[in-house]
Each structure stands twice: as C-alpha cells, then as structure tokens.
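These protein sequences, in sequence, are chains C and W. The opening position of the first sequence corresponds to residue 1 in full-length UniProt numbering, with each subsequent residue numbered one higher. The opening position of the second sequence corresponds to residue 1 in full-length UniProt numbering, with each subsequent residue numbered one higher.
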Amino acid sequence: MVDMTETDVRTGRRKSTDDEVHSHIGSRLKAYYDQVLTQPVPDRFDDLLRQLDEQSASRNGQEQS
Amino acid sequence: MATMSVELRDEVVACIPSLRAFAASLVGVGDRADDLVQEALVKAWANIGSFKQGTNMKAWLFTILRNTFYSAHRKAKREVQDVDGQYSSALAEHPGQIGHLDFEDFRMALDELPEDQREAVILIGASGFSYEEAAEICGCAIGTMKSRVNRARNRLSEILDVTSADEFGPDRTAHAALTTSSVPTVKLSAMD
Numbered sequence: 001m002v003d004m005t006e007t008d009v010r011t012g013r014r015k016s017t018d019d020e021v022h023s024h025i026g027s028r029l030k031a032y033y034d035q036v037l038t039q040p041v042p043d044r045f046d047d048l049l050r051q052l053d054e055q056s057a058s059r060n061g062q063e064q065s
Numbered sequence: 001m002a003t004m005s006v007e008l009r010d011e012v013v014a015c016i017p018s019l020r021a022f023a024a025s026l027v028g029v030g031d032r033a034d035d036l037v038q039e040a041l042v043k044a045w046a047n048i049g050s051f052k053q054g055t056n057m058k059a060w061l062f063t064i065l066r067n068t069f070y071s072a073h074r075k076a077k078r079e080v081q082d083v084d085g086q087y088s089s090a091l092a093e094h095p096g097q098i099g100h101l102d103f104e105d106f107r108m109a110l111d112e113l114p115e116d117q118r119e120a121v122i123l124i125g126a127s128g129f130s131y132e133e134a135a136e137i138c139g140c141a142i143g144t145m146k147s148r149v150n151r152a153r154n155r156l157s158e159i160l161d162v163t164s165a166d167e168f169g170p171d172r173t174a175h176a177a178l179t180t181s182s183v184p185t186v187k188l189s190a191m192d
C-alpha cells in the first residue's frame with residue numbers, strides 16, 4: 001500500500017494539500033479585508049451623504065415647479 | 001430623472017464599509033481609498049436610474065468603483081506606505097483582530113500580485129461574490145475569473161511560504177516536537 005501523503009524529503013514533514021493551503025490563505029485574506037470592513041465609517045461620508053441628499057432634494061424641487 | 005428612494009439609499013449606505021475595503025485593496029489603505037469611494041457614491045447618486053431594481057446593489061456599486069479606479073487612478077502609484085502611522089494606530093485601537101505584523105505581511109504579499117489577480121482573489125475570497133458576479137464586475141469570462149483566483153492563491157501561498165502542514169493545522173505541536181528533536185542529529189552529522 002502506497003502512502004499517498006506527500007512528505008517533504010528534507011524535513012520529513014507532511015506537505016499540506018492544496019485545499020489546506022487555500023483555506024489557510026483564504027482565512028488570512030478574510031482577516032486582512034475585515035480589518036478595513038469593520039472600521040467605523042469616517043465622518044466625511046456623513047457630510048457627503050447630506051450633500052447628496054440636498055442636491056437630490058433641490059433637483060426634485062426644480063422638476064416639480 | 002430617477003431619484004434615490006429611501007430604500008435604495010439605505011442599500012447604498014449599507015455597502016459603504018465593503019466599498020472602503022475594496023477600494024483599500026485597489027489603492028492601499030488611506031485617504032485615496034476613501035476618495036475613490038466618495039467618487040463612486042457621487043456617480044451612484046447621479047446614475048441611480050440605471051440601477052435595475054432587484055439586482056445586486058453591492059455588485060453594481062463595486063462595478064462603478066472599479067471603473068472609476070481604472071479610468072482615473074490607474075496611473076497613480078498604489079499607496080503602499082503607512083506614511084504617518086495613522087493606520088498602525090487605528091489598528092491598535094482594535095484589539096482582538098489580527099496582529100499588525102500579520103496584516104503587513106499579507107498586504108505586502110498582495111502587493112506582489114498582478115492587479116487582475118489581486119482584485120479577483122479579493123472579490124471571491126473576501127468580498128463574498130460568486131464567480132459569476134465577480135466576472136461581471138470585472139467584465140471577463142467566468143473561466144478567466146476562476147483561473148485568476150487560482151493563480152492568485154498559489155502565488156500568495158508561495159510568497160507567504162505556507163508549504164508545510166505545520167504552519168497551521170491541528171497537529172502543530174507534534175510537528176514542533178519532531179522538528180526540535182531532530183536538530184541535534186543534524187548538528188552531529190554536520191561535524192562528521
């Protein structure tokens with residue numbers, strides 16, 4: 001019976017499978033991305049949304065008159 | 001002229017954190033990423049009439065942001081340095097997340113990827129899009145998207161050197177013990 005687990009000849013350690021590597025990379029990628037995703041949204045966006053709302057409101061007013 | 005309804009506005013606002021994270025993956029963390037998000041939001045407001053009700057708002061916004069990036073920001077260099085340490089200090093305020101070194105390592109690895117592979121792996125692996133949605137956002141075939149993601153993952157694992165199973169996984173301790181006990185043997189044979 002052949003051992004299907006690939007072993008690194010030099011270190012004797014089992015080599016990880018592609019799936020293991022990919023899921024490891026995947027969780028690091030997610031952790032990296034979530035650092036920014038979970039940050040509070042800066043105040044500048046509140047100001048921007050207010051401006052955009054005012055613009056839409058005045059445009060609607062013009063269209064109705 | 002179509003206007004931004006309250007429902008659509010709520011959907012757009014809910015996407016701002018995702019847009020910031022995607023922008024940061026394109027231009028680096030910092031003001032330039034937020035400038036990009038701001039530009040995309042202004043365009044979204046102006047073009048809300050072209051959004052098809054019932055379709056994926058997040059994908060629509062990501063497409064706008066990506067187009068904005070490629071038309072205006074492509075030539076500018078990626079903001080790779082944390083110039084005044086503001087981001088490091090921002091991270092320090094969020095204990096319990098990944099360490100700063102891990103974050104830096106990963107960011108540098110991402111920076112080494114070609115642009116198309118980087119955005120592919122971010123869209124699929126982090127932003128939660130399907131291959132179909134990501135392909136639509138990037139204007140490429142689904143097969144192209146799949147191969148970009150695969151190449152990106154392989155390249156990242158090369159750069160981060162996660163080739164041996166003891167880098168992670170449940171039997172980490174056993175491997176560590178094995179490695180330690182083998183050290184004297186190596187030394188002895190080296191002295192022969």
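For each residue, glycine too, the CB sits at the ideal point set by N, CA and C.
Min CB distance residue i to chain C below 7 Å
i        : result
W/Met4   : yes
W/Ala21  : yes
W/Ala141 : no
W/Gln38  : yes
W/Gly125 : yes
W/Phe153 : Per the sequence shown, the amino acid found at residue 153 of chain W is Arg instead of Phe. Output row for W/Arg153: interface = yes.
W/Ser71  : no
W/Pro17  : yes
W/Trp45  : yes
W/Phe129 : no
W/Leu8   : no
W/Ser50  : no
W/Ala59  : no
W/Leu156 : yes
W/Phe62  : no
Under the three-state DSSP convention, the category residue i falls into
i        : result
W/Phe51  : coil
C/Thr17  : coil
C/Ala39  : The sequence as given places Gln at residue 39 of chain C; Ala does not occur at that position. Three-state DSSP puts C/Gln39 in coil, outside helix and strand.
W/Asp31  : helix
W/Ala134 : helix
Test: residue i CB closer than 7 Å to a CB of chain W
i       : result
C/Ser56 : yes
C/Gly26 : yes
Supposed close pair residue i, residue j - CB separation, criterion 8 Å
i        : j        : result
W/Phe62  : W/Phe22  : 6 Å
W/Val149 : W/Ala126 : That pair is no contact at about 11 Å.
W/Phe103 : C/Tyr32  : 6 Å
W/Val37  : W/Arg20  : 5 Å
W/Ala59  : W/Glu136 : 7 Å
W/Ala33  : W/Ala24  : 4 Å
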